[in-house]
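From first to last, the protein sequence lines stand for chains A and B. Its first residue numbered 0, the first sequence is counted upward by one per residue in numbering that gives the first Met the number 0. Its first residue numbered 0, the second sequence is counted upward by one per residue in numbering that gives the first Met the number 0. From the three backbone atoms N, C-alpha and C, an ideal C-beta is built for every residue, glycine too. Here the structure is laid out as structure tokens; the discussion comes afterwards.
2 protein chains.
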Amino acid sequence: MTRRRIKLTLAFDGTLYSGWQRQRDQLTIQGILEEKIAVLTREPTALHGAGRTDAGVHALGMVAHFDIASALPCRAFKYGLNSMLPGGIRILQAEEVDFAFHARRSALGKCYFYQFCQAEIALPTDRLYWLKIKESVDFGLMEKCLPLIIGIHDFSSFEASGSRDKSRPGRGAVRQIYSARFEMKSVNKWRFTICGDGFLRHMVRNIVGTLLEVGQCRLTIDDFRDIVAAKNRAAAGPTAPAHGLFLEEIFYNSIPGKNGI
Amino acid sequence: MTRRRIKLTLAFDGTLYSGWQRQRDQLTIQGILEEKIAVLTREPTALHGAGRTDAGVHALGMVAHFDIASALPCRAFKYGLNSMLPGGIRILQAEEVDFAFHARRSALGKCYFYQFCQAEIALPTDRLYWLKIKESVDFGLMEKCLPLIIGIHDFSSFEASGSRDKSRPGRGAVRQIYSARFEMKSVNKWRFTICGDGFLRHMVRNIVGTLLEVGQCRLTIDDFRDIVAAKNRAAAGPTAPAHGLFLEEIFYNSIPGKNGI
Numbered sequence: 000m001t002r003r004r005i006k007l008t009l010a011f012d013g014t015l016y017s018g019w020q021r022q023r024d025q026l027t028i029q030g031i032l033e034e035k036i037a038v039l040t041r042e043p044t045a046l047h048g049a050g051r052t053d054a055g056v057h058a059l060g061m062v063a064h065f066d067i068a069s070a071l072p073c074r075a076f077k078y079g080l081n082s083m084l085p086g087g088i089r090i091l092q093a094e095e096v097d098f099a100f101h102a103r104r105s106a107l108g109k110c111y112f113y114q115f116c117q118a119e120i121a122l123p124t125d126r127l128y129w130l131k132i133k134e135s136v137d138f139g140l141m142e143k144c145l146p147l148i149i150g151i152h153d154f155s156s157f158e159a160s161g162s163r164d165k166s167r168p169g170r171g172a173v174r175q176i177y178s179a180r181f182e183m184k185s186v187n188k189w190r191f192t193i194c195g196d197g198f199l200r201h202m203v204r205n206i207v208g209t210l211l212e213v214g215q216c217r218l219t220i221d222d223f224r225d226i227v228a229a230k231n232r233a234a235a236g237p238t239a240p241a242h243g244l245f246l247e248e249i250f251y252n253s254i255p256g257k258n259g260i
Numbered sequence: 000m001t002r003r004r005i006k007l008t009l010a011f012d013g014t015l016y017s018g019w020q021r022q023r024d025q026l027t028i029q030g031i032l033e034e035k036i037a038v039l040t041r042e043p044t045a046l047h048g049a050g051r052t053d054a055g056v057h058a059l060g061m062v063a064h065f066d067i068a069s070a071l072p073c074r075a076f077k078y079g080l081n082s083m084l085p086g087g088i089r090i091l092q093a094e095e096v097d098f099a100f101h102a103r104r105s106a107l108g109k110c111y112f113y114q115f116c117q118a119e120i121a122l123p124t125d126r127l128y129w130l131k132i133k134e135s136v137d138f139g140l141m142e143k144c145l146p147l148i149i150g151i152h153d154f155s156s157f158e159a160s161g162s163r164d165k166s167r168p169g170r171g172a173v174r175q176i177y178s179a180r181f182e183m184k185s186v187n188k189w190r191f192t193i194c195g196d197g198f199l200r201h202m203v204r205n206i207v208g209t210l211l212e213v214g215q216c217r218l219t220i221d222d223f224r225d226i227v228a229a230k231n232r233a234a235a236g237p238t239a240p241a242h243g244l245f246l247e248e249i250f251y252n253s254i255p256g257k258n259g260i
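Laid out in structure tokens, this is it:
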């Protein structure tokens with residue numbers, strides 16, 4: 000039987016899940032999707048994600064692929080899976096792709112955003128998707144740090160400790176950041192968007208946590224520069240909570256942020 | 000012992016609650032608040048809300064008052080209650096007020112807003128606070144209906160059937176709408192805001208449901224005019240789902256929308 004490769008673009012609310020990666024006795028996005036694909040096609044299958052998101056992190060445009068013998072049309076994957084999935088996970092697109100396509104290896108870049116609100120007391124309807132910051136934050140100071148991370152850098156200072164298999168050959172902690180910016184969403188809400196060729200584990204949350212230290216005047220811009228240069232996780236600020244982070248998009252055809260995206 | 004009147008301004012995420020009003024064996028905002036106030040003050044107390052919100056409706060600025068002998072400072076009500084309340088309910092302000100103040104009777108007006116997004120598949124992170132509309136909606140047509148509800152009208156067509164005690168004397172279903180408008184929040188998201196001196200049960204949701212029928216060309220603007228004039232619930236469109244609706248603010252000192260609020 001001919002096998003086909005199906006690419007899924009999907010969104011999820013990370014609130015209720017223990018992250019992307021399948022784990023025994025845990026509700027995970029990959030685990031739930033693999034289970035529903037098997038129900039739909041009656042074939043066990045392995046889903047390959049473009050990356051792993053941590054517990055609590057949301058996604059608007061995660062990508063994954065799987066190979067299957069089933070002759071089901073793509074729309075059956077989209078609508079069939081959505082009819083079985085909980086409301087917290089939705090397939091936005093299902094397409095048949097060439098076997099040359101690989102959700103992780105073919106990715107040219109990813110964009111994440113992180114949402115903050117400044118408030119003494121967070122509105123309950125914001126609590127799942129916005130990090131509440133009590134103290135006033137100087138976004139101008141944080142913006143001045145951004146040129147220090149845009150470009151090609153060794154991001155060891157922002158990598159979760161013990162997260163990478165150092166014996167595996169590769170590019171180490173060197174990543175290219177294409178763009179990083181803050182934008183005001185409303186009177187007390189901001190969004191930080193960062194696009195790059197790849198991200199180390201906890202890298203966005205560690206950058207955000209360290210930027211917030213600058214914004215709250217607990218670190219200077221020079222301290223931030225020294226932290227990047229230190230290539231040492233111990234030098235940087237705390238890891239920002241997961242619930243403010245969204246995986247926005249994964250790029251396969253063009254590099255994000257090169258043209259001001 | 001001197002009794003005091005405390006005014007609470009509060010916000011809640013209606014997702015998990017069976018509405019405002021205390022009900023046996025149901026999680027309600029009033030029920031939870033009365034329980035926590037009693038724990039804090041060791042006095043049983045009755046909380047008087049500015050109105051009742053339906054199950055699933057959210058609030059950014061609900062107001063309620065209660066009378067108590069406790070000498071606790073107002074900040075103890077605010078921080079003490081917040082430390083005991085679930086994340087879905089937050090006290091934004093606690094103030095001691097004159098006994099002339101009454102959360103419901105002193106209110107001059109209220110503003111609600113209703114959130115829609117137009118999408119084939121709703122993003123999971125929007126599903127709790129935005130009504131998803133699959134078909135394209137003509138907001139221009141909906142806007143043309145708004146002058147037909149602004150001002151003083153008998154809103155019987157938009158009142159939940161069997162909701163009012165007709166034997167109770169009063170102004171019947173006549174209400175004054177100060178302002179009503181649509182605004183675009185992002186490329187496929189809209190917010191409908193309506194302010195008035197008071198709202199009948201399900202009135203905002205029934206207006207929204209009927210406006211959407213116009214926006215989707217299932218009713219004309221003339222039909223909408225006839226529906227208002229009919230003073231008959233059976234004439235109007237369906238009740239829009241609760242989860243898109245937010246009680247935004249209650250006005251005690253000035254009339255909302257008179258100066259373009």
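Worksheet item: Where does Q22 of chain A land, buried or exposed, given buried means 16+ other C-beta within 10 angstroms?
Response: exposed
Worksheet item: What is the rounded straight-line gap between the Cα of R41 of chain B and the Cα of K143 of chain A?
Response: 52 Å
Worksheet item: Since E212 of chain A contacts Y111 of chain A with CB under 8 Å, what's their CB separation in whole angstroms?
Response: So it is not a contact: roughly 19 Å between Cβ atoms.
Practice prompt. Can you pull the chain A residues whose beta carbon is under 7 Å from the beta carbon of P123 of chain B, in chain order?
Written response: A10, F11, D12, G86, G87, I88, R89
Practice prompt. Report the neighbours of L26 of chain B on chain A: residues whose CB is nearer than 9 Å to its CB, in chain order.
Written response: By Cβ distance, chain A contributes nothing, its closest Cβ being about 14 Å from L26 of chain B, past 9 Å.
Item to complete: Please work out which residues of its chain come closer than 6 Å, Cβ to Cβ, to E33 of chain B, disregarding the five sequence neighbours upstream and downstream, and give them in chain order.
Response: L46
Fill in: Cβ pair count under 8 Å reaching 3, the region 78 to 97 of chain A against the region 115 to 126 of chain B
yes
Worksheet item: Using a Cβ-Cβ cut-off of 6 Å (strictly less than) and excluding sequence neighbours within five positions of D153 of chain A, which residues of its own chain qualify?
Response: A172, V173, K230
Worksheet item: Rounded to whole angstroms, how far is the Cβ of G243 of chain B from the Cβ of F115 of chain B, which I believe are closer than 8 Å?
Response: 6 Å
Worksheet item: Between the region 47 to 64 of chain B and chain A, which residues of the former have CB atoms less than 9 Å from a CB of the latter, in chain order?
Response: H57, A58, L59
Worksheet item: Using a C-beta to C-beta distance shorter than 7 Å, which residues of chain A count as neighbours of Y262 of chain B?
Response: No information on residue 262 of chain B is available, as it lies outside the stretch 0 to 260 that chain B covers here.
Practice prompt. Identify each residue in the region 90 to 120 of chain A for which the Cβ-Cβ distance to at least one residue of chain C is less than 8 Å, and report them in chain order.
Written response: In the structure shown, chain C does not exist; the protein chains are A and B.
Worksheet item: Which of the three DSSP states, helix, strand or coil, is assigned to S155 of chain A?
Response: helix
Worksheet entry | Top-ranked residue by Cα proximity to V203 of chain B, from B:K184, B:K35, B:Q215, B:Y113 | B:Y113
Item to complete: Could you check what DSSP says for H242 of chain B in three-state terms: helix, strand or coil?
Response: helix
Item to complete: Determine the burial state of T25 of chain B: buried for a count of at least 16 other Cβ atoms within 10 Å of its Cβ, exposed for fewer.
Response: The amino acid at residue 25 of chain B is misidentified as Thr; the sequence shows Gln. Result: exposed.
Fill in: Exposed unless 16 or more other CB atoms sit within 10 angstroms - verdict on G259 of chain B
Since pLDDT at G259 of chain B reaches only 46, below the 50 mark, its modelled position is unreliable, and no value is offered.
Discussion item. For the beta strand (DSSP E) containing D66 of chain A, name the first residue and the last one.
Written reply: 57 to 67
Discussion item. Does the CB of W19 of chain A have a neighbour CB from chain B at under 8 Å?
Written reply: no
Worksheet item: Are F100 of chain A and K184 of chain A closer than 8 Å when you measure CB to CB?
Response: no
Worksheet entry | Nearest candidate by alpha-carbon position, reference V227 of chain B, set B:I67, B:Y177, B:I36, B:P146 | B:P146
Worksheet item: Going along the chain, which residues of the region 69 to 83 of chain B sit with their C-beta nearer than 9 Å to a C-beta in chain A?
Response: K77, N81
Fill in: Exposure label - D221 of chain B; buried when at least 16 CB within 10 Å
exposed
Discussion item. Spatial neighbours of Q117 of chain A within its chain, please: C-beta separation below 7 Å, excluding the five flanking residues on both sides.
Written reply: I132, S135, V136, N187
Worksheet item: Candidates B:F181, B:F191, B:F198, B:T8: which alpha carbon is nearest S155 of chain B's?
Response: B:F198
Worksheet item: What are the start and end residues of the alpha helix (DSSP H) that includes S82 of chain B?
Response: 73 to 83
Worksheet item: Taking the C-alpha atoms as reference points, what is the distance between F157 of chain B and G208 of chain B?
Response: 10 Å
Worksheet item: Of all the CB atoms in chain A, is at least one closer than 8 Å to the CB of G259 of chain B?
Response: At G259 of chain B, the pLDDT of 46 sits below 50, so the modelled position is not reliable and the matter cannot be decided from this model.
Fill in: Option in A:T8, A:F76, A:L130, A:M141 with minimal Cα separation from R217 of chain A
A:M141
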